[in-house]
């Protein structure tokens, strides 16, 4: 039946998704990984979604105002800023396309604290899902049914594009059929280009021509295709016929553009600002941009919760005891919505015209205008 995205058919795609529904993620994970590798637009969209989260400013806040919470915060900060946070976040955010991401954690004692020493991303194809427990297990050759990792042994991040089983929650479930139809259209377009991309070249020879003369004419006709030049006798003739194009390649291009727009809609929550050439007003583009801010905020909050539950709480349990789990610091992403300064300026101009007094210092801060020296 083949593996991955190579030679993908509707029947095989349906089978792969069905196996994932039953808890076997191996084929689905491999397929989704290859889809991201083989489709440049899909890769770009997912990178945009992930890097938008990683590029935020992150900070730690104490769980409460008490002395113990402050003490735990200081201990966490000693470790936190030395961690490879960007790499860790990127690995965890692979849950967006896949539905789940597991990163194994190795801990070491430095004489004062238990610290996370190393992180290793676990391929989702190695996971087995048990719906009765709503839990993922790590499969191996020795334990194909999977085994549970110890507390603190892994950070598990889930992405929920919809309600239901986590094996069906990744964005790639929505994109898989679009990917299939798009690449069918690309394949057919390549065949079309091979057939109709060059005009037919017909060589005509006299019936009395010998075998050698016909062979040279055939070579000359073939050379015209590659070199656009050939040498023939004056008694032979080569005719160039324009190929009949029928409906042309427009049908393939329209299908591919449709699939690209729908992919952008699924991944970024909008189409106008991620797919060029579709027109639309500037105001509508700003509306779409705000929708994407909502996705960014949701992604960041989900990741922050995962980091606290899967990394900071084990750190607190190992170093201070499980009774202090609730005092694990909060991970806080700073998501700021971009201001439409032009619209705000028009509103302020109207308010000023109505006689409203607005402090100059506030205006300078709002619009980022420095005060004169």
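Residue numbers (my numbering): 380 to 752.
Glycine included, every Cβ here is placed at the ideal spot set by N, Cα and C.
Computed from a prediction, not measured in an experiment: that's the story for all the values here.
- Which of helix, strand or coil DSSP assigns to residue 682: Helix at residue 682.
- Query: residue 748 lies in the beta strand (DSSP E); which residues open and close that run?
  - Reply: Boundaries cannot be given for residue 748, as no beta strand (DSSP E) includes it and DSSP labels it neither H nor E.
- Query: Apart from the five residues on each side of it in sequence, which residues of its chain come closer than 7 Å, Cβ to Cβ, to residue 675?
  - Reply: Correct list, in chain order: 431, 432, 714.
- Any chance the segment 527–544 sits against the segment 591–602, with 3 or more Cβ pairs inside 8 Å? Under the Cβ criterion (8 Å, minimum of three pairs), the segment 527–544 does not count as touching the segment 591–602.
- Query: Is it a yes or a no for the segment 476–483 touching the segment 541–553, going by three-plus beta-carbon pairs under 8 Å?
  - Reply: The segment 476–483 vs the segment 541–553: in contact.
- Item | Three-state secondary structure assigned by DSSP to residue 554 | Secondary structure of residue 554 (DSSP, three-state): helix.
- Task: In the DSSP assignment, find the alpha helix (DSSP H) that holds residue 635 and state where it starts and stops.
- Result: Start and end: 629–647.
- Apart from the five residues just before and just after residue 326, which ones in its own chain have a Cβ nearer than 7 Å to its Cβ? Here the chain comprises residues numbered 380 to 752, so residue 326 is not present and cannot be evaluated.
- Message: Taking the beta carbon of residue 485 as the centre, do at least 16 other beta carbons fall within 10 Å, making it buried, or is it exposed?
- Response: It counts as exposed.
- Considering only C-alpha positions, which residue in the set 641, 502, 630 is nearest to residue 473? The shortest C-alpha to C-alpha distance from residue 473 to any of 641, 502, 630 is the one to 502.
- Inspect the beta-carbon positions of residue 363 and residue 466 and report whether they are closer than 9 Å. Here the chain has residues from 380 to 752 only, and residue 363 is not among them.
- Who are residue 497's beta bridge partners in DSSP? Looking at the DSSP assignment, residue 497 forms a beta bridge with 485.
- Indicate whether the contact test is met: 3 or more Cβ pairs, each with one atom in the segment 442–456 and one in the segment 396–408, closer than 8 Å. The way I'd put it, the segment 442–456 doesn't touch the segment 396–408; fewer than three beta-carbon pairs between them come closer than 8 Å.
- Message: Between residue 443 and residue 742, how many whole angstroms is the CB-CB distance? I'm expecting something under 8 Å.
- Response: In this structure, residue 443 and residue 742 do not form a Cβ contact; the two beta carbons are roughly 38 Å apart against a cut-off of 8 Å.
- Message: For chain B, check one thing: does any of its Cβ atoms lie closer than 9 Å to the Cβ of residue 703?
- Response: Included in the structure is just one protein chain, with no chain B present.
- Task: For residue 695, I'd like the list of residues in its chain whose CB is within less than 8 Å of its CB, leaving aside the five on either flank, ordered along the chain.
- Result: Within the same chain, residue 695 has close Cβ partners 451, 455, 703, 704, 706, 707.
- Specify the secondary structure class of residue 674 as computed by DSSP and reduced to three states. Helix.
- Burial state of residue 678 (16 or more Cβ within 10 Å): Buried: at least 16 other Cβ atoms inside 10 Å.
- Burial state of residue 693 (16 or more Cβ within 10 Å): Flag for residue 693 reads buried.
- Message: Taking DSSP's pairing of strands, which residues face residue 516 in a bridge?
- Response: Residue 516 pairs with 507.
- Cα separation between residue 511 and residue 740? Each residue's alpha carbon lies about 60 Å from the other.
- Helix, strand or coil: which one does DSSP assign to residue 570? Correct three-state label for residue 570: helix.
- Message: Taking the alpha carbon of residue 441 as the reference point, which residue from 728, 711, 396 has its own alpha carbon closest?
- Response: When each option's Cα is compared against that of residue 441, the closest is 711.
- Quick one: give me the first and last residue of the alpha helix (DSSP H) that residue 711 is part of. Where residue 711 is concerned, there is no enclosing alpha helix (DSSP H), although the beta strand (DSSP E) it sits in stretches over 709–713.
- Proximity of residue 561 and residue 418 at Cβ, strictly below 9 Å: Going by C-beta atoms, residue 561 is nearer than 9 Å to residue 418.
- Tell me whether residue 468 is buried or exposed, calling it buried when 16 or more other Cβ atoms sit within 10 Å of its Cβ. Of the other Cβ atoms in all chains shown, 16 or more fall within 10 Å of the Cβ of residue 468; this residue is therefore buried.
- Query: Helix, strand or coil: how does DSSP classify residue 459 here?
  - Reply: If DSSP states are grouped into helix, strand and coil, residue 459 belongs with the helices.
- Task: Taking residue 420 as part of the alpha helix (DSSP H), name the residues at either end of that continuous run.
- Result: For residue 420, the enclosing alpha helix (DSSP H) starts and ends at 419–433.
- Message: Just to confirm, is the Cβ distance from residue 681 to residue 424 under 9 Å?
- Response: Contact: no.
- Specify the secondary structure class of residue 522 as computed by DSSP and reduced to three states. Residue 522 carries a coil assignment under DSSP once its states are collapsed to helix, strand and coil.
- Hey, could you find the ends of the beta strand (DSSP E) residue 737 is sitting in? For residue 737, there is no enclosing beta strand (DSSP E), as DSSP gives it neither H nor E.
- Query: Does DSSP put residue 502 in a helix, a strand or coil?
  - Reply: Residue state, collapsed to three classes: coil.
- Message: So for residue 491, helix, strand or coil by DSSP?
- Response: In the structure shown, residue 491 sits in coil (DSSP, three-state: anything other than H, G, I, E or B).
- Task: Whole angstroms is fine: what's the gap from residue 628's alpha carbon to residue 557's?
- Result: Their Cα atoms are separated by approximately 19 Å.
- Task: With a threshold of 16 other CB atoms inside 10 Å of the CB of residue 731, please say whether the residue is buried or exposed.
- Result: By the neighbour-count rule (16 or more Cβ atoms within 10 Å), residue 731 is not buried but exposed.
- Would residue 564 pass as a contact of residue 634 if the rule is Cβ separation under 9 Å? For the pair residue 564 and residue 634, the CB atoms are nearer than the 9 Å cut-off.
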